[in-house]
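Trainee:
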Amino acid sequence: FTIVVGSTSAAALPGAMLPWVLLPLTRPETSPRLAAARSALLIPLMGGVNAASTLASLLPVGLYLLSRPPGRRKRALIAWWTPCVVLATAWWIVPLLLLGVYGENFMPYVETSQTTTATMSATEVLRGAGNWVGYLNFGEPWLPAGWTVAASALVVACSALAAALGLAGLARRDLPERRWLVLTVTVTALIALAGYGGAFGGPFHATVQEWLNGPLVPFRNIYKFQTGLALALALGLAHLAA
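Here the sequence shown stands for residues 276 to 517, where the numbers follow the numbering used here.
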């Protein structure tokens, strides 16, 4: 997701802030109320330029809370974090809703789901190369970093190796927070691959593409869910190397 740095850097902020939003919730000595508040205070730093990117990057945090052992603390964390997130994002959610009511609907004039899902194969998603804009080349690359990730043999090989090592780390039984990390990889991979019609793609990709052109149009750029997968693979790689 970092290939947009230098062009639309705001789109990379949610993924960059994801670990920091998660971190306060992982400290057992902190009360649920304080942990939720500290986490939510960092959410505005994700920015409000791209709502879908922010919400997609909050998904792994929500999965972390859902994967906690059953008990009072889990219920308290969810009960406090949910309204805190609403408050932390209200500054852009409310204007966005007003824009949807009174503004011009430009979505029919931009990309389609067939375009945005065409580059979301399993290998490209694992490498972090699912962003379709990175494949645009009109004599020169639209996103130079994205084109390098997509077309450079060295980068393809190295990123594939990093993804494979990350998966190997996630497969180890001694991995801390293995339940959450495997859940994050599974959910984000299923979302990312659901609309892809090629090999190992979603069996109902045509239906998913229709949804992405209809009621789910804000999430049409499905590559934005790669941030959770990137975090899980990075932690798996770190565990393997430790």
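The beta-carbon is built from N, C-alpha and C at its ideal position, and this holds for glycine as well. A quick note: this is a predicted structure, and the numbers were derived from the prediction, not measured.
1) Could you tell me whether the region 431-441 touches the region 399-412, using the rule of 3 or more Cβ pairs below 8 Å?
2) Nearest-angstrom Cα distance between V492 and L374?
3) Using the C-alpha atoms, what's the distance from S314 back to W295?
4) Where does V408 land, buried or exposed, given buried means 16+ other C-beta within 10 angstroms?
5) For N412, name the three-state secondary structure that DSSP assigns.
6) Considering T301, what are the terminal residues of the alpha helix (DSSP H) in which it resides?
7) Can you tell which of G346, L504, L372 and N488 has the C-alpha that lies nearest to the C-alpha of S332?
8) Quick check on the DSSP output: the alpha helix (DSSP H) that includes N380 runs from which residue to which?
9) Please work out which residues of its chain come closer than 8 Å, Cβ to Cβ, to A363, disregarding the five sequence neighbours upstream and downstream, and give them in chain order.
10) Considering only the alpha carbon of each residue, which of I353, A286 and L465 lies closest to T392?
11) Taking Cβ positions, are S396 and G473 nearer each other than 7 Å?
12) Under 7 Å, do S520 and L458 count as touching if we go by C-beta distance?
13) Check each candidate in L450, W355, G337 and N325 and name the one with the smallest Cα separation from W366.
14) Straight-line CA distance for P303 to A481?
15) I need the boundaries of the alpha helix (DSSP H) containing E452, first residue and last residue.
16) Is it buried or exposed for M321, if we count other Cβ within 10 angstroms and need 16 for buried?
17) Hey, out of L372, N406 and V385, whose CA is closest to I497's CA?
18) From what residue to what residue does the alpha helix (DSSP H) around A438 run?
19) Buried or exposed: which applies to M382, given that a residue is buried once 16 or more other Cβ atoms fall within 10 Å of its Cβ?
20) Which same chain residues end up closer than 8 Å to N412 when comparing Cβ atoms and leaving out the 5 residues on each side of it in sequence?
Mentor: In brief:
1) yes
2) 15 Å
3) 8 Å
4) buried
5) strand
6) Unbroken run through T301: none, as it is neither H nor E.
7) L504
8) It is not in any alpha helix (DSSP H) - N380 carries neither H nor E in the DSSP assignment.
9) A315, L316, I318 and P319
10) L465
11) yes
12) Examination of residue 520 is not possible in this model, given that the chain is present from 276 through 517 alone.
13) N325
14) About 44 Å.
15) In the DSSP assignment, E452 falls outside any alpha helix (DSSP H) and carries neither an H nor an E.
16) buried
17) N406
18) A428 to A446
19) exposed
20) W422
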